[in-house]
Amino acid sequence: MASPAASASSDSEMTHLSQRDAAEIDQQLMGPLGFSVDQLMELAGLSVAAAVAEVYKLGEYTRVLIICGPGNNGGDGLVAARHLYHFGYKPYVCYPKRTPNPLYSGLVTQLESLAILFVSVEDLPGNLSEEFDIIIDAMFGFSFHGTPRPPFDDLIHRLVSLSVIGNSAKRPAIVSIDIPSGWHVEEGDVNGEGFKPDMLVSLTVPKLCARKFTGPNHFLGGRFVPPPILRKYRLHLPPYPGTSMCVRIGKAPSVDISSLRENYISPELLENQVMSDPFDQFIRWFDEAVTAGLREPNAMALTTANKEGKVSSRMVLLKGVDKQGFVW
Numbered sequence: 001m002a003s004p005a006a007s008a009s010s011d012s013e014m015t016h017l018s019q020r021d022a023a024e025i026d027q028q029l030m031g032p033l034g035f036s037v038d039q040l041m042e043l044a045g046l047s048v049a050a051a052v053a054e055v056y057k058l059g060e061y062t063r064v065l066i067i068c069g070p071g072n073n074g075g076d077g078l079v080a081a082r083h084l085y086h087f088g089y090k091p092y093v094c095y096p097k098r099t100p101n102p103l104y105s106g107l108v109t110q111l112e113s114l115a116i117l118f119v120s121v122e123d124l125p126g127n128l129s130e131e132f133d134i135i136i137d138a139m140f141g142f143s144f145h146g147t148p149r150p151p152f153d154d155l156i157h158r159l160v161s162l163s164v165i166g167n168s169a170k171r172p173a174i175v176s177i178d179i180p181s182g183w184h185v186e187e188g189d190v191n192g193e194g195f196k197p198d199m200l201v202s203l204t205v206p207k208l209c210a211r212k213f214t215g216p217n218h219f220l221g222g223r224f225v226p227p228p229i230l231r232k233y234r235l236h237l238p239p240y241p242g243t244s245m246c247v248r249i250g251k252a253p254s255v256d257i258s259s260l261r262e263n264y265i266s267p268e269l270l271e272n273q274v275m276s277d278p279f280d281q282f283i284r285w286f287d288e289a290v291t292a293g294l295r296e297p298n299a300m301a302l303t304t305a306n307k308e309g310k311v312s313s314r315m316v317l318l319k320g321v322d323k324q325g326f327v328w
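Count the sequence shown with UniProt numbering and you get residues 1 to 328, in order.
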């Protein structure tokens, strides 16, 4: 099992790349260091999916819209969609500018084999908040120049409209891959009119614009940077914990502890629903716990009272049980 993404030290202590250095590192990786573009894309997409699953837990967040652009950033999104499906999420993909490149068409075929729904821009619901719990921005990466053109300009505008709603209202969490689409790779949201993602997953090395990210969740993904790259560019990157494919940058947002309380109200147990033999009833409940995958169902609180009525409780481990009784 992959380890949870630990928190790295301060964002300011990390290396942040210019657009030029980011492009050079990609060339080095796919040149003398022997990586292929599809290999890097697979690792990047897996990192994104892992970061999303780290923060946005299944149950509360299930429906994920991935908006993919025509380049490598879009490919990362396609890969992330596949991994999120296998993690148990329900992904939908909006991929308006497909490319005939076999790499990308293969990624599409993989998603189609999983019956993942592709949604056209025209068929996107008017109110994204009602249909999706998470929106992943995989439109443009660090190599993008200029102004977004249709239909991506309108899609970005829709994300802007969502990001200004605020956290108090129900809206999807917005996740950007490497660069929030529409931001300058080095200067960030220059005119202040871009959208503000809730999560940024920087890839390989954070880009300079990541310093302008103010959302609650910044992660680094891409656990593959070899020592020659680290030395040549004097990179300072956080260690990845355990087997995790992502690492949090900075501190996790504060949590209202009181909000973590669960509602333990359960259906009433009627007399006619209880088995006549309490031993049989226990075995039934125990088997249900094992089937449901409850961890350590044999760990139980045993409460006893002495002849004076003094009560004591302790945790015990059940070693065995049969008609003769319990063995602790």
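Yeah, the Cβ is synthetic: ideal placement off N, Cα and C, and Gly gets one too.
Separation of residue j from residue i, as counted between CA atoms
{"i": "Y92", "j": "V205", "result": "28 Å"}
{"i": "G311", "j": "L317", "result": "Here the sequence assigns Val to residue 311, which means Gly is not the residue at that position. Taking the straight line joining both Cα atoms gives about 19 Å."}
{"i": "S113", "j": "L107", "result": "10 Å"}
{"i": "F142", "j": "F213", "result": "15 Å"}
{"i": "F118", "j": "C68", "result": "11 Å"}
{"i": "F326", "j": "E308", "result": "24 Å"}
{"i": "G88", "j": "H236", "result": "34 Å"}
{"i": "T109", "j": "L124", "result": "21 Å"}
{"i": "P180", "j": "L200", "result": "7 Å"}
{"i": "Q28", "j": "E296", "result": "49 Å"}
{"i": "M1", "j": "G242", "result": "Reliability of the predicted coordinates at M1 is poor, the pLDDT of 43 falling under 50, and no value is obtained from them."}
{"i": "Q324", "j": "N306", "result": "23 Å"}
{"i": "R314", "j": "T303", "result": "7 Å"}
{"i": "F78", "j": "W183", "result": "Note that residue 78 is Leu in the sequence shown, not Phe. Roughly 21 Å between the two C-alpha positions."}
{"i": "P102", "j": "L111", "result": "14 Å"}
{"i": "V274", "j": "L294", "result": "22 Å"}
{"i": "E131", "j": "D178", "result": "25 Å"}
{"i": "I229", "j": "E186", "result": "20 Å"}
{"i": "residue 357", "j": "P148", "result": "Given a span of 1 to 328 for the chain in the structure shown, any question on residue 357 remains unanswerable."}
{"i": "G45", "j": "R223", "result": "12 Å"}
Rounded Cβ spacing between residue i and residue j (contact assumed at less than 8 Å)
{"i": "A138", "j": "N73", "result": "5 Å"}
{"i": "A50", "j": "C246", "result": "5 Å"}
{"i": "L84", "j": "L128", "result": "Incorrect: roughly 17 Å between the Cβ atoms, too far for contact."}
{"i": "I249", "j": "P238", "result": "7 Å"}
{"i": "G215", "j": "K196", "result": "6 Å"}
{"i": "D189", "j": "N217", "result": "So it is not a contact: roughly 17 Å between Cβ atoms."}
{"i": "I135", "j": "P172", "result": "5 Å"}
Residue i (DSSP reduced to helix, strand or coil)
{"i": "T303", "result": "strand"}
{"i": "R248", "result": "strand"}
{"i": "G188", "result": "strand"}
{"i": "R223", "result": "coil"}
{"i": "G320", "result": "strand"}
{"i": "N73", "result": "helix"}
{"i": "A115", "result": "coil"}
{"i": "L175", "result": "Checking the sequence shown, residue 175 turns out to be Val, not Leu. In this structure, V175 counts as strand in the three-state DSSP scheme."}
{"i": "K170", "result": "coil"}
{"i": "M1", "result": "In this predicted model, M1 has a pLDDT of only 43, less than 50, meaning its place in the structure is not dependable enough to derive any value."}
{"i": "H218", "result": "strand"}
{"i": "F195", "result": "coil"}
{"i": "V205", "result": "coil"}
{"i": "A91", "result": "This sequence places Pro at residue 91; Ala is not what is there. Here P91 sits in strand by DSSP."}
{"i": "F326", "result": "strand"}
{"i": "R231", "result": "helix"}
{"i": "R149", "result": "coil"}
{"i": "D137", "result": "strand"}
With 16 other Cβ atoms within 10 Å as the buried cut-off, status of residue i
{"i": "M41", "result": "buried"}
{"i": "D277", "result": "exposed"}
{"i": "D76", "result": "buried"}
{"i": "P96", "result": "buried"}
{"i": "F279", "result": "exposed"}
is_contact[residue i, chain B] using C-beta, thresh 8 Å
{"i": "H86", "result": "In the structure shown, chain B cannot be found, because there is only a single protein chain."}
Does the contact criterion of 3 or more C-beta pairs under 8 Å hold for the segment 192-211 versus the segment 12-20? yes
Does the segment 59-66 touch the segment 24-32, meaning 3 or more C-beta pairs lie closer than 8 Å? no
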